[in-house]
Amino acid sequence: MRWGLVVPVKDARLGKSRLSAPTPDARRQLARAMALDTLEAAAATVGPASLVVVTSDGPVGQTVRTWGATVVPDPGEGLDGAVRTGLRAVRPQGGRPGWAVLLGDVPALRPRDLGEALARCARHPAAVVPDASGDGTTLLTSTIRPPTPRFGPGSAHRHAEEATLLPLPLPRLRQDVDVAQDLVRAAAFGVGRRTRTLLLGRDRAAYSGPMQASVHTFDLASRSGSVLLDTGRMLPFDADVFEASGLRHVRVGQRVSVEVGPADPEDAGAHLTRLWLVGVGPGEPIR
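To convert, count from 1 in the sequence shown and add 15; that's our numbering.
Here you go:
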C-alpha cells in the first residue's frame, strides 16, 4: 500500500487556544513544536514525498518543505476544508494507492506506531482510529477513494458510519493534545524532541516559583504519593509534604500546585518540597 498522507496544521497564531502556557508566544512555540514532532514521525513513516501538509503557518511550512514534503495553503474553511484541500493534492506514488489523514497534534507519535496503524487500516476499505477519549479522530483512511472528512466533536462516530472503527492499542497515536491534561498524558508516553525541549525549558524557568502538576499516585495509609510534571517527569512526595498541605485526600489526575527541590526538577534526586491547592491549607487564603 502506497499511502498519500495528509496532515492539517492550524496556524500557531490561531491554534491551541485552550492549551495553557505562560505567554501567547510560548503557546505558539508549543503548538509548532507539537506539530513538527507529529510531522517528523509522519514523514519517517510514509516518506516526505508522500506527505501533504495543509497549513498557513510559515515556520511549519518552511521546515517541512526542506524535508521534501508538499505544502498546501490552508484555505481557511475549517478543518474539513483543509483536509479536502490536502486530499486533492495527493499524488499516487505507484503501487496500490491509499489515502490517509492524520491530525497534527499527536506529539508522542513514533513511526512504528503510525506504521502499525496504517498496516491495520489497510485491511479495510475505510477505517478510523479514534482519539484517547473515543470521541474524536486521530487517523482516517481509505483504500478505495479519498475519504470524506467529518471532523469536530463526535467525529469518530460520524466517520464510523462509512468506515471501520479501530480503537487500536496505540496510545501514542491516539493521544491528541488540546488542553493541559492531554499534554501531561502525552508527555508521560514520551513526546518528540522539540516538544520535550520546550517543556523542560519551561519547567526549569518556572522553578523559582510554583508549577502545576497532576497527581499520579496516592496512598492514604502512608500519606505519600507522586505527581507528574507537565514534562511527564514523575516526582514523589512524602507524608511530611502531604501533612503540611492541609489536605485530607487527593485523587489521581487532580491538578495541584507544587514546588520542587533540588534546583533542577530533572535532577535524579528531585522531589516535592511543597504541595497545595489554592485556597486550601495554611497560608492559602481563599481567592
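A virtual CB, placed ideally from N, CA and C, is assigned to each residue, including glycine.
Rounded straight-line distance, which links the Cα of residue j to that of residue i
i, j, result
"residue 54", "residue 261", "45 Å"
"residue 141", "residue 265", "44 Å"
"residue 78", "residue 240", "42 Å"
"residue 40", "residue 103", "33 Å"
"residue 84", "residue 135", "24 Å"
"residue 164", "residue 111", "22 Å"
"residue 178", "residue 143", "6 Å"
"residue 61", "residue 291", "46 Å"
"residue 21", "residue 51", "14 Å"
"residue 113", "residue 63", "15 Å"
"residue 153", "residue 274", "35 Å"
"residue 231", "residue 252", "11 Å"
"residue 300", "residue 69", "Annotation note: pLDDT 43 at residue 300 (below 50); position unreliable, coordinate value reported separately. So the two alpha carbons sit approximately 48 Å from each other."
"residue 156", "residue 170", "14 Å"
"residue 158", "residue 200", "32 Å"
"residue 120", "residue 235", "36 Å"
"residue 223", "residue 42", "No answer about residue 223 holds up, because its pLDDT of 49 lies below 50 and its placement is not dependable."
"residue 72", "residue 258", "48 Å"
"residue 286", "residue 130", "38 Å"
"residue 207", "residue 45", "12 Å"
"residue 82", "residue 243", "34 Å"
"residue 279", "residue 256", "Only weak support is given to the placement of residue 279: the predicted model assigns it a pLDDT of 49, under 50, and the value that follows is read from those uncertain coordinates. Cα to Cα, residue 279 sits roughly 19 Å from residue 256."
Per-residue DSSP class, three states only, for residue i
i, result
"residue 162", "coil"
"residue 76", "helix"
"residue 38", "coil"
"residue 92", "coil"
"residue 117", "strand"
"residue 280", "Reliability fails at residue 280, whose pLDDT of 47 lies under 50, so the model's placement of it is uncertain and the value that follows must be treated cautiously. Three-state DSSP puts residue 280 in coil, outside helix and strand."
"residue 274", "strand"
"residue 174", "helix"
"residue 107", "coil"
"residue 225", "coil"
"residue 82", "helix"
"residue 180", "strand"
"residue 19", "strand"
"residue 230", "strand"
"residue 265", "coil"
"residue 235", "coil"
"residue 192", "coil"
Near the ligand ATP: residue i beta-carbon under 7 Å from a heavy atom
i, result
"residue 104", "Because no ligand of any kind appears in the structure shown, any question about the ligand ATP cannot be addressed here."
Expected contact under 8 Å - CB spacing of residue i and residue j to nearest Å
i, j, result
"residue 189", "residue 109", "Between residue 109 and residue 189 the Cβ distance is about 30 Å, and since that is not below 8 Å, they are no contact."
"residue 145", "residue 180", "7 Å"
"residue 56", "residue 125", "6 Å"
"residue 289", "residue 229", "Going by Cβ atoms, the distance from residue 289 to residue 229 rounds to 16 Å, so no, they are not a contact pair."
"residue 254", "residue 237", "6 Å"
Opening and closing residue of the alpha helix (DSSP H) in which residue i lies
i, result
"residue 196", "195 to 204"
"residue 188", "186 to 189"
"residue 310", "Because the chain spans 16 through 302 in this model, residue 310 falls outside it and cannot be assessed."
Where the beta strand (DSSP E) containing residue i begins and where it ends
i, result
"residue 255", "Not the beta strand (DSSP E): residue 255 falls in the alpha helix (DSSP H), residues 254 to 260."
"residue 289", "286 to 291"
"residue 240", "239 to 244"
"residue 66", "66 to 70"
Interface flag, residue i vs chain C, CB-CB below 8 Å
i, result
"residue 56", "Checking the listed chains, one finds no chain C in this structure; it contains a single protein chain."
Inset, instruction - Go through the stretch 123 to 171 residue by residue and report every complete run of the beta strand (DSSP E) that reaches 3 residues or more, in order. - result: 141 to 145, 152 to 157
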